[in-house]
Amino acid sequence: MNTPTPLPGGTWTLGDLTVSRFGYGAMQLAGPWVMGPPADHQGAIAVLREAVELGITHIDTSDAYGPRITNELIREALHPYPESLHVVTKAGANRDASGGWPTARRPEDLRRQVLDNLEALGLETLDLVNLRLGNGEGPVPEPVAESLGALVEMQDEGLIRHLGVSNATADQVGEAISIATIVCVQNMYNLAHRDDDDLIDMLAAQGIAYVPFFPLGGFTPLQSGALSAVAARLDTTPMAVALAWLLQRSPNILLIPGTSSVAHLRENIAGAALVLSTDDLAQLDEIGRQTLSRG
Ligand SMILES: NC(=O)c1ccc[n+]([C@@H]2O[C@H](COP(=O)([O-])OP(=O)(O)OC[C@H]3O[C@@H](n4cnc5c(N)ncnc54)[C@H](OP(=O)(O)O)[C@@H]3O)[C@@H](O)[C@H]2O)c1
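Sequential numbering of the sequence shown, starting at 96, is according to my numbering.
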């Protein structure tokens, strides 16, 4: 049974955890290129507190953000966490001194990362851990059994409540589902990057959440003539249209847009409530088709 939320999109249930479909991605709270502390520490704390105040019950993070900085900010801002709040994290990559994201998916790497997340967040159990696959370029077709098996072991020990996969191919999602109960898939997807259209529909049919990262384009904001035209016609912003489109795209899509600004957070929540017409949706569909035809 889903509980009411004041946020656009209502709620979704991840395993036994009800979350607002409008969530918050905490990656952008760390310093430039997700390294080091934020320029405005109190500003970052304010964004996290405002998110929860406004009804967000799903925060996405990773101990690789900062590294550690983002998790420490979440703890400082919100611990002890309200019972309704679910902090979702990842394991599978580390950071190096130059800000790279080297793969770290051996069982011992994953255990270290789970323990680091628990400590930095001040938790005894992580509500949901996504096994982060692939690399910074995107998904890589390779087996997931050994890494996922290590997380299942930690789930059995009570360190993790639910599991998901991230940066995964459709085949890897299938393999993961055959090994463990997977409650979400977190991949790159937005109006201009629609490689996962079929995967989203398949997951929706199975009651599994799809959580697009870079919903607003990430480090390169979404830009398109069609998007600007729809936004201008509706007297709103491209960001609002991009978020509303995702909520309307499929009921299993959960939003985790990132921002380091309270004003943008409020703007995004208001914007995502926009209702797009069939004509708007058809025009927005062109963006994905243009991207596909450019290869
Ligand atoms: N699984 C993975 O491999 C993976 C990879 C990347 C990200 N993620 C997760 O996905 C989340 C979302 O991705 P993201 O934060 O990188 O990208 P995003 O949500 O697509 O975009 C964030 C960017 O948009 C800007 N922005 C947000 N609202 C805005 C507004 N109303 N007006 C103007 N600019 C606005 C932010 O700048 P301001 O700070 O100025 O608002 C920030 O630079 C992350 O926070 C992270 O939790 C996961």
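Yeah, the Cβ is synthetic: ideal placement off N, Cα and C, and Gly gets one too.
Count the other CB atoms within 10 Å of the CB of residue i; is the residue buried (16 or more) or exposed (fewer)?
| i | result |
| --- | --- |
| Phe117 | buried |
| His136 | exposed |
| Asp375 | buried |
| Leu128 | Here residue 128 is Trp; the residue named in the question, Leu, does not match the sequence. That one is exposed. |
| Gly390 | Annotation note: pLDDT 46 at Gly390 (below 50); position unreliable, coordinate value reported separately. The residue is exposed, with fewer than 16 neighbouring Cβ atoms inside 10 Å. |
| Leu399 | Beyond the ends of the chain as shown, which are 96 and 390, falls residue 399; an answer cannot be given. |
| Ala172 | buried |
In angstroms with no decimal places, state the Cα-to-Cα distance between residue i and residue j.
| i | j | result |
| --- | --- | --- |
| Asn97 | Ala159 | Summary for Asn97: the model assigns pLDDT 48, below 50, so the residue's position carries little reliability, and this model does not support an answer. |
| Trp196 | Thr331 | 36 Å |
| Val147 | Gly231 | 30 Å |
| Pro132 | Gly161 | 7 Å |
| Ile255 | Ile295 | 25 Å |
| Pro175 | Ala324 | 44 Å |
| Leu124 | Pro310 | 16 Å |
| Ala377 | Phe308 | 23 Å |
| Leu379 | Arg206 | 42 Å |
| Thr106 | Thr113 | 7 Å |
| Asp290 | Val260 | 16 Å |
| Arg201 | Glu219 | 22 Å |
Quick check: residue i and residue j, are their CB atoms within less than 9 Å of each other?
| i | j | result |
| --- | --- | --- |
| Asn215 | Glu167 | One detail in the question is off: residue 215 reads as Ala in this sequence, not Asn. Yes, the pair counts as a contact, with Cβ atoms nearer than the cut-off. |
| Ala337 | Gln385 | no |
| Val247 | Ala275 | yes |
| Ser355 | Gly138 | yes |
| Gly229 | Asn262 | yes |
Could you give the first and the last residue of the continuous alpha helix (DSSP H) run that contains residue i?
| i | result |
| --- | --- |
| Gln250 | 240-251 |
| His359 | 357-367 |
| Ser273 | 265-274 |
| Val142 | 136-148 |
Which whole-angstrom value is the C-beta distance of residue i and residue j, which I expect to be below 8 Å?
| i | j | result |
| --- | --- | --- |
| Ile398 | Ile169 | Absent from the structure is residue 398, since the part of the chain shown begins at 96 and ends at 390. |
Can you find a heavy atom of ligand 3 that lies under 8 Å from the Cβ of residue i?
| i | result |
| --- | --- |
| Glu362 | With respect to ligand 3, the structure shown offers nothing to examine, as its ligands consist of ligand 1. |
What residue does the beta strand (DSSP E) around residue i start on, and which one ends it?
| i | result |
| --- | --- |
| Gly195 | Looking at the DSSP string, Gly195 is not in any beta strand (DSSP E), and its letter there is neither H nor E. |
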